[in-house]
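Asks: Supplied in structure tokens, the structure appears directly below.
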Amino acid sequence: MFPAEKPRSPGGSSSKKGLQHHPGVIYSHYHWFGRCLLIPRDFRISVRTRTELDFFPPLFPSDAHLNELYQEATELAYRYNEKVRSKGGNDYLSSGKLHAVAVLHQLYQSVLSNYLNTHEPDFFSRLGTLVGKNHDIEEVLTFYMKEFPSPLLVSKSYPVEFYYLESLRGYFIHQVMEENPALIAASKPLLKPEGLFFPKAHQALTALMGGYVQQRTGGKEEDLFSFLTRPARLYPDSLLDQIRYILEHWADMIDSELKRLLLRAIDYVQEEEKPHFPPGGPAPPMPVIDYSLFDHEYEAFTADRNWMPNVVMIAKSTLVWLDQLTKEYGYPIDTLDKIPEREIELLAQRGFTALWLIGIWERSSASKMIKNLTGNPDAEASAYSLRNYEIASLIGGWGALDSLRHTCSKYGVRLASDMVPNHTGIDSDWVMSNPDLFIWQRHPPFPSYTFDGPNLSPNPNVEIKLEDHYYDRSDAAVTFQRRDLNTGETHYIFHGNDGTSMPWNDTAQLDFLNPKTREMVYQQIKHVAMNFPIIRFDAAMTLAKKHIQRLWYPRPGRGGDIAGRVPHSLDDETFHRLIPNEFWREVVDRINEELPDTLLLAEAFWMMEGYFVRTLGMHRVYNSAFMNMLKNQENKKYRDTIKNTLIYEPEILKRFVNFMNNPDEETAIAQFGDGDKYFGVCTLLATMPGLPMFGHGQVEGFREKYGMEYRRAYWDETANQHLVDEHYRRIFPLLKRRYLYSDVEYFELFDLVHDGHVHESAFCYVNGTDTERSLILYNNQYEKVEGTIKHSSPKLIKQNGGKHTATKSLAESLGLTVSGRRFVIWDSFTDKLTYMSPSLKLFDDGLWVHLWGFETKVFLNIREVEDSDGVYAELYERIGGQGIANFEEEIMALRLRPVTEAMENLRSESFFSLLSSIFDRTSSSKAERTLLLSLGEAYAHLTTAYELLHPQTKKILNHPPRDPDVKAIMETVKRLNTLFADHSTRLFSQSRLLLDELEVIVSSAFFLNPFVGEDAGIEEVVALAERLQLCRFYAEKLNKAGFVGDDQRKACQSGAIVVCAHRAYRKGEKPQETLARLLEEERVRTYGLVNEYQGVIWFDKERMQELIFLSALSIAMNEPEFDPTSYVKTLFDAQLNASYRLKRLLALPE
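Here you go:
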């Protein structure tokens, strides 16, 4: 313990020898024996507290270095808090606030010295004389000297008078501090310990002092005491607000060094009071992006390569995926080259063009050890705590990656990889060999830090230790210890940290003020780019200059985001000299020059999204607002985000990476469910401009969130097949149309308005290309909405070197024309119906929209037609706003109406009866003549009807119908009659084909015959039958017979085969040769269900029998001498012995 203060005689020890003038130190000028003495002062605290803490050195001496002041505060607070903790208390001291108290003490001393020097140098001398005349008041001063000694003063040999006057001065400052509630609250055990009471006369001493303070201090009409306590009276509960007031209003009274002290005091308190949210907690509310923050920044977008706009990416946590594939396929799949090709093919079939492999680099062994030691023996190292950028041997190394890359290239799938630019693992190659690349210091930032735990280093020459309190989760230190075991040199390296949560304790933060670090990181990026066409930069926003400064080298007064960094604060000039350019801009420019086919994707938050693509030049940037706002149904906020982007710079919108979950968030199914809300938001994901990114297990509906240290899935989950199926129905087809949605040139956003009210939950937008547009509607809430979409939100337009904002009508956005004879038509992807509207109606009224809760509507193939023949108006009159299933068929039916009306005889009951009488051999000559007359009449009407057809319809029919050849018709009817009258051909009646379909088959052949040229093949005639809508024409007859869908189409195709099959016949050749020639046509092979499997060509028995019957019928109707019985019997016998093999049926060598 220091000795009690007592006066000393003047002598050699009182001289100024050894006192050095320290910049910014507060000195007092006392005229003592004719000399001016300069002395530093300390902060006088209660001797009771000193004794309890066993702490007796001078505290906060005014000649201490800036950093020493805070170090003393942390050490004293730690000492005091440990004592409180040992007693089970919790009334702790804040080192940051204690440091602020120390700075305010120095400020008070400085202002007081300035006052004494400029106004009343003998103030305390005169005051001391008065005090000496009053014993009671003198006792107060004696009490103060005893209870609040100055170790710094005691250590010197000063005259008696000096000790006396210094104590008066100390008491004055003490009273100033006691009038400051915030200061006392921050330092109560030091200045006002429990049980300590001044003698009653202390009030008289205080009053005596006040009476001698001159007026007009600092230009204010108040005494010095009032002046010094004014900040505390204005802001009694906040030291920070007091300091800010002082910096603003007392600026001309304090020097630059003291200003730095005050600014640092703010930083240290902010550092302590900054909220640190534990991982997994609720995210703070997300603001709408404000681009005005970057108005002053330049524009320098990086142009996309041709493949980049339509990238659709899916993430896979590599180790977990390999484990899941092993379980699914039933054999070890533990390296990249063992991933089944079918998995890559499946990704491509679903519309994914990029595969992001998470966790493929060599990981930190220390990271794994830390996780094992803290309760997870099964954990792997974190995927973002890296040893180096070599493909991990655990997953097969570079060779396995090359094999997977080759497989992916076959299906148009590009590989994407992470690059972690801001930190490495704590035992990385660089930590071992180049510790100066990192942010470090020579001593721990806080006295509570100890490093007595296990050595985590794999290198026998280097020791790596995590701070001890991490292991029991009582603290998450900001530094770890690296010690060179050969030299003893120790670095306390800061962990990676983005200032939002806890430090990443298995990482080491790189120092980007070091140009060597910047260059080495770029070379790592280049190495990754040489092997992956897509790079995702993890936490890229932390390396923007403003955040390097904010987090690691804060401006004085702006610190506090990361503990321990305030001592390393830099002014703007120094900071910008050390890192003159944005690191990312340099990376982008160099990669674009050296490896231009690389897509650079930045994970960036903090309102930096636009800056990263517009100014820094990244191709893509994360858009976390998509997930967060839509999940929380903050619909207005997200629509405002889109609107703000459109009006500021639409190009940013197409560079967003939209996602419904990412590895740091809960799974998509946990956030959005698996119902209409999920698929509604997923539709936005698939159709908004930008890059859609799907999470691992999102399509399958997996609920487990895979930690970055997972080496396997812990939950036993199987794919939600309904969810997968719905993706195939509702999402994957849209992903394959990304060319419609990835850009912004034709993107327009609309308000859904009803009675002047905007439904903010409704997302309504148009996008597309110059030739094709799409309209998306989605209601992101449970309640239904309805209203009109008519005018788009303002959008920035760049034209002829200038810029302006503009809105468009819905009709203009769809590329429609103002005309009374035009209709707009669109196909509904959602319900598979087609809708139509007069174009003018959309110009005049917009589009009326009704959406149920979470309902989605997607309209594709939006096109405009001119109604030159009135059929569109006629159809619209019939259906109005209702959708129909076969729109083009309906239009064609209207256009073909003259033809179908002309051929009406061919589907009349009487006509079918005549055919039936022929087939069952009950017809007469009269029936034959009647049939002939019906055909002749129909063909005659057809010739006239053709002239009435619209030119477009005539093109569909290829050429005009032939004039009826009466003789040919008569011959055909006769042969048909003869064929079925001949008892030798009764085998035809054995076919179910003839019993159930023959009337339609023969009638359709008569229908087609006038339109078929001499050289027309079956493929052409079948297509003609489809264009003539024969299935529709004969629908009533076929429906009555029980035929639907494909069976109806087959019946009409059969008619086409009857018209043409005879052309394959050559007189005198074997039936197999005729059939073989017939099967050369692809449509005939399809009809016979001919297919190849394992090198053998197979056929379907029933379909082949039908084909044989049809060909026999066709030949018999056209060749008088043809023997159908022999033909059919020969082929049937061959079929029986063919065992469904086509070559055996055709008697061909196998």
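The sequence shown: position 352 = 355 (the numbering used here), numbered continuously. Think of the CB as a built atom: it goes at the ideal place given N, C-alpha and C, for glycine as much as any other residue. Values in this document were obtained by computation on a predicted structure and should not be read as measured data.
Kindly give me the distance between the Cβ atoms of VAL761 and LEU752, rounded to whole angstroms, as I take these residues to be in contact under 8 angstroms.
Replies: Rounded, the Cβ-Cβ distance is 12 angstroms, inconsistent with contact.
Asks: Is the beta carbon of ASN647 sitting closer than 8 angstroms to the one on GLY693?
Replies: No; because the gap between Cβ atoms is not below 8 angstroms, this pair is not in contact.
Asks: If you follow the beta strand (DSSP E) that PRO841 is part of, which residue opens it and which one closes it?
Replies: 837-841
Asks: Could you tell me whether the Cβ atoms of LEU513 and ILE373 are closer together than 8 angstroms?
Replies: Against a cut-off of 8 angstroms, the Cβ pair of ILE373 and LEU513 comes out as no contact.
Asks: Just to confirm the assignment, what range does the beta strand (DSSP E) spanning ARG1086 have?
Replies: That residue, ARG1086, is in no beta strand (DSSP E); its alpha helix (DSSP H) goes 1085-1090.
Asks: Tell me which residues share the same chain as ALA1059 and place their Cβ nearer than 7 angstroms to its Cβ, disregarding the 5 neighbours each side in the sequence.
Replies: LEU1011, ILE1021, VAL1024, VAL1025, ALA1028
Asks: For ILE800, which option in ILE792, ASP455, LYS793, LYS811 has the closest C-alpha, if you only look at C-alpha atoms?
Replies: LYS811
Asks: Within 10 angstroms of its Cβ, does ARG910 collect 16 or more other Cβ (buried), or is it exposed?
Replies: buried
Asks: At 3 residues or longer, and completely inside the segment 334-381: list those beta strand (DSSP E) runs for me, N to C.
Replies: 357-361, 364-366
Asks: Would you kindly check if the distance between the Cβ of GLY704 and the Cβ of ASP667 is under 8 angstroms?
Replies: ASP667 places its beta carbon 8 angstroms or farther from that of GLY704.
Asks: How many angstroms separate the CA atom of TYR301 from the CA atom of GLU893?
Replies: 55 angstroms
Asks: Within the segment 460-533, note down every full beta strand (DSSP E) run reaching 3 residues or more, in order along the chain.
Replies: 465-468, 482-487, 493-497, 510-512
Asks: Rounded to whole angstroms, what's the CA-CA distance from LYS548 to ARG561? Just pull it up for me.
Replies: 15 angstroms
Asks: Could you tell me the boundaries of the alpha helix (DSSP H) in which SER128 lies?
Replies: 126-135
Asks: Decide if MET533 is buried, meaning its Cβ has at least 16 other Cβ atoms within 10 Å, or exposed.
Replies: exposed
Asks: For GLN1097, count neighbouring C-beta atoms within 10 Å of its own C-beta (all shown protein chains included) and say buried if the count is 16 or more, exposed if not.
Replies: exposed
Asks: So, at 6 angstroms on beta carbons, what are the nonlocal neighbours of ALA1119 in its own chain, with the 5 sequence-adjacent residues on each side left out?
Replies: LEU982, PHE1125, PRO1127
Asks: Could one say the Cβ of GLU71 lies closer than 8 angstroms to chain D's Cβ atoms, at least one of them?
Replies: The displayed structure is made up of one protein chain only, and chain D is not part of it.
Asks: Label THR577 either buried or exposed according to how many other C-beta atoms from any shown protein chain fall within 10 Å of its C-beta, with 16 as the threshold for buried.
Replies: exposed
Asks: From what residue to what residue does the alpha helix (DSSP H) around SER831 run?
Replies: Per DSSP, SER831 belongs to no alpha helix (DSSP H); it is in the beta strand (DSSP E), 825-831.
Asks: Can you tell me where the alpha helix (DSSP H) with GLU75 in it begins and where it stops?
Replies: Per DSSP, the unbroken alpha helix (DSSP H) holding GLU75 starts and ends at 69-89.
Asks: Leaving aside the five residues before and after CYS411 along the sequence, list all residues of the same chain whose C-beta is less than 8 angstroms from its C-beta, in chain order.
Replies: These residues qualify, in order along the chain: ILE347, LEU358, ARG417, LEU418.
Asks: For TYR681, which residues from the same chain have a beta carbon less than 6 angstroms from its beta carbon, with the 5 sequence-adjacent residues on both sides left out?
Replies: PHE675
Asks: Looking at C-alpha atoms only, which residue of TYR161, PRO124, LYS195, SER97 is the closest neighbour of ARG51?
Replies: Cα-wise, what sits closest to ARG51 is LYS195.
Asks: Please classify SER420: does DSSP put it in a helix, a strand, or coil?
Replies: In this structure, SER420 counts as strand in the three-state DSSP scheme.
Asks: Between the Cα of ASP498 and those of ASN489, ASP487, ARG1086, THR510, spot the shortest distance and give me the residue it belongs to.
Replies: Note that residue 498 corresponds to His in the displayed sequence, not to Asp. Here the closest residue by C-alpha is THR510.
Asks: Are ILE496 and PRO438 touching if we call contact CB-CB under 8 angstroms?
Replies: yes
Asks: What residues in its chain sit with their C-beta under 7 angstroms from that of LYS739, if we drop five residues either side in the sequence?
Replies: Take LYS739, set aside five residues on each side of it, and the residues of its chain with a beta-carbon closer than 7 angstroms to its own are GLY354, in chain order.
Asks: Can you give me the Cβ contacts of LEU404 inside the same chain, cut-off strictly under 6 angstroms, excluding the 5 residues immediately before and after it?
Replies: LEU339, ILE394
Asks: Assuming the contact rule is C-beta atoms closer than 8 angstroms, MET906 and ALA941 should be a hit. Round their C-beta distance to whole Å, please.
Replies: With 8 angstroms as the limit, MET906 and ALA941 qualify as a contact, their Cβ atoms being about 5 angstroms apart.
Asks: Output needed for PHE36: all residues of its chain with C-beta closer than 6 angstroms, excluding positions within five of it in sequence on either side, in chain order.
Replies: Because the pLDDT at PHE36 is just 32, under 50, the model does not fix this residue reliably, and the value given afterwards should be weighed accordingly. If the five residues before and after PHE36 are omitted, its C-beta is found closer than 6 angstroms to no C-beta atom of its own chain.
Asks: Measuring CB to CB, does LEU737 end up less than 8 angstroms from LEU854?
Replies: no
Asks: Going residue by residue through the segment 881-919, where are the continuous alpha helix (DSSP H) segments of at least 4 residues, counting only ones entirely within it?
Replies: 890-898, 900-905
Asks: Below 8 angstroms on the Cβ atoms is my guess for VAL272 versus HIS205; work out the distance and round it to an integer in Å.
Replies: About 31 angstroms separates the two Cβ atoms, so there is no contact after all.
Asks: If I measure Cβ to Cβ from LYS1040 and keep anything under 8 angstroms in the same chain, skipping five residues before and after, which residues do I get?
Replies: ARG910, PHE915, GLU1002, VAL1003
Asks: Quick one: give me the first and last residue of the beta strand (DSSP E) that ARG539 is part of.
Replies: Counted as a single uninterrupted DSSP element, the beta strand (DSSP E) harbouring ARG539 occupies residues 537-540.
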